[in-house]
Amino acid sequence: MPSFSLPADWPTTIPAAQALQTQLATQVQTVDDLPPIHYVAGVDVGFVEGNRVARAAIAVLSYPELRLHDQSVACLPVTFPYVPGLLSFREIPVILHALNQLHHLPEVLLCDGQGLAHPRRCGIACHLGLLTGIPTIGVAKSRLVGHHTPVGETRGDWQPLRDQNETIGAALRTRPGTQPLYISPGHRVSLETSIAYVLNCTRRYRLPETTRWAHKLASQRPLPLFPTPPENKVL
DNA sequence: GCGACAG
DNA sequence: ATCTTGTCGC
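Quick note on our numbering: the first sequence kicks off at 413 and runs consecutively.
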């Protein structure tokens, strides 16, 4: 079993978190450096208890069959507010906890959110990739930064997502008649390869099967340890 | 000052 | 993210 942990100097303030992202961005690798892929995983985080507790779920699927192979769910009190651009500081602690409970680590991780397509080029996919060494891809349902021309209507059509005169990701049509997904490299994966994996993990829905499984697990009610016995009402 | 703003 | 019923379209 893996044992990833937070760095000792984990930021607790917004300025410190932003400074760390600027520094981490210099270490992000956007050229392909992946082993042969046999397992792909999706990560998702949900909130319960009135947003006071974060629940992370990871679904590991065989590749390219996309059959569920391993899974884990972890909970942790929330310690950082939601601030656009600082998502990783809110979600990574509980994600590491869930990763540590996996029996089999995937060779690539599809994250819910941006990778390179971030104001400081360090979205949650980059951050998680740097902390774990696992190749990561950012898969977001909406845009954080950057602009693009209209995307074609056919599955697989895409347009570069640009910001400050550089390509930071892609708006990808994974299903006709729905909004495009925003794909960007996390760590150790190129944009072209990121797009290919997202398409290969997507069947008949807008979201990849990895993300759909993780979302399902994260929003699922935990099974009671002691199920309520059937009542013995006297009628 | 105003609009934008992953989950 | 989460709160929530019905509803439009293939």
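We put the beta carbon where it would ideally sit given N, CA and C, even for glycine.
Where residue i falls, given that 16 or more other Cβ within 10 Å makes a residue buried
{"i": "N644", "result": "At N644, the pLDDT of 42 sits below 50, so the modelled position is not reliable; the number obtained from the coordinates is stated separately. Its Cβ having fewer than 16 others within 10 Å, N644 is exposed."}
{"i": "T434", "result": "exposed"}
{"i": "R464", "result": "exposed"}
{"i": "P639", "result": "With a pLDDT of 49 at P639, under the threshold of 50, the modelled position of that residue is not reliable, and no figure is offered here."}
{"i": "P620", "result": "buried"}
{"i": "R467", "result": "buried"}
{"i": "P505", "result": "buried"}
{"i": "V495", "result": "exposed"}
{"i": "Q526", "result": "buried"}
{"i": "L629", "result": "buried"}
{"i": "V443", "result": "exposed"}
{"i": "R600", "result": "buried"}
{"i": "A428", "result": "exposed"}
{"i": "D736", "result": "Limits of the chain in this structure are 413 at one end and 647 at the other, which puts residue 736 out of reach."}
{"i": "T622", "result": "buried"}
{"i": "G454", "result": "buried"}
{"i": "G651", "result": "The chain is shown only over 413 to 647; residue 651 falls outside these bounds and no answer can be derived."}
{"i": "T425", "result": "exposed"}
{"i": "T491", "result": "exposed"}
{"i": "P641", "result": "Unreliable placement is indicated for P641, whose pLDDT of 47 sits below 50; the coordinate value is still reported in the next sentence. That one is exposed."}
Residue(s) in a DSSP beta bridge with residue i
{"i": "G400", "result": "For the chain, the structure presents residues 413 to 647; residue 400 sits outside this window and is missing."}
{"i": "A420", "result": "DSSP output for A420 lists no bridge partner at all."}
{"i": "L543", "result": "None, per the DSSP bridge assignment."}
{"i": "D524", "result": "V551"}
{"i": "A453", "result": "V472 and L521"}
{"i": "H559", "result": "R574"}
Nearest neighbour of residue i, chosen from the options [CA to CA]
{"i": "H559", "options": "P547, I536, L629 and P531", "result": "P531"}
{"i": "P493", "options": "G454, E503 and L619", "result": "E503"}
{"i": "A486", "options": "R479, S500, V495 and V460", "result": "V460"}
{"i": "V373", "options": "H481, A471, L619 and E578", "result": "Residue numbering for the chain in the displayed model covers 413 to 647; residue 373 lies beyond these limits and cannot be assessed."}
{"i": "A431", "options": "Q576, T548, D575 and R533", "result": "R533"}
{"i": "P592", "options": "G545, G581 and I507", "result": "G581"}
{"i": "R624", "options": "Q439, Q483, S415 and W422", "result": "Q483"}
{"i": "V563", "options": "G589, V506, G527 and L488", "result": "G589"}
{"i": "H516", "options": "Q632, Y451, D444 and V443", "result": "Y451"}
{"i": "S606", "options": "T586, L514 and A420", "result": "T586"}
{"i": "T548", "options": "N612, T561, P423 and E519", "result": "E519"}
{"i": "L528", "options": "D575, E477 and A429", "result": "D575"}
{"i": "P419", "options": "L573, R567 and L436", "result": "L436"}
{"i": "V551", "options": "S474, G541 and G598", "result": "G598"}
{"i": "L584", "options": "A428, V601 and T566", "result": "T566"}
{"i": "A626", "options": "H481, L498 and T424", "result": "H481"}
{"i": "K553", "options": "G568, D524, P489 and V472", "result": "D524"}
{"i": "G535", "options": "L542, S500 and H509", "result": "S500"}
{"i": "L473", "options": "V457, L514 and G458", "result": "L514"}
Limits of the unbroken beta strand (DSSP E) element including residue i
{"i": "T605", "result": "That residue, T605, is in no beta strand (DSSP E); its alpha helix (DSSP H) goes L603 to N612."}
{"i": "H516", "result": "Counting along the chain, H516 falls outside any beta strand (DSSP E), and DSSP gives it neither H nor E."}
{"i": "Q483", "result": "L480 to P489"}
{"i": "P597", "result": "L593 to H599"}
Boundaries of the alpha helix (DSSP H) in which residue i is found, first to last residue
{"i": "G581", "result": "Unbroken run through G581 is the beta strand (DSSP E), E578 to L584; no alpha helix (DSSP H)."}
{"i": "L511", "result": "L499 to N512"}
{"i": "R624", "result": "E621 to A630"}
{"i": "Q571", "result": "Note, Q571: premise wrong, no alpha helix (DSSP H); beta strand (DSSP E) at W570 to D575."}
{"i": "L432", "result": "I426 to L436"}
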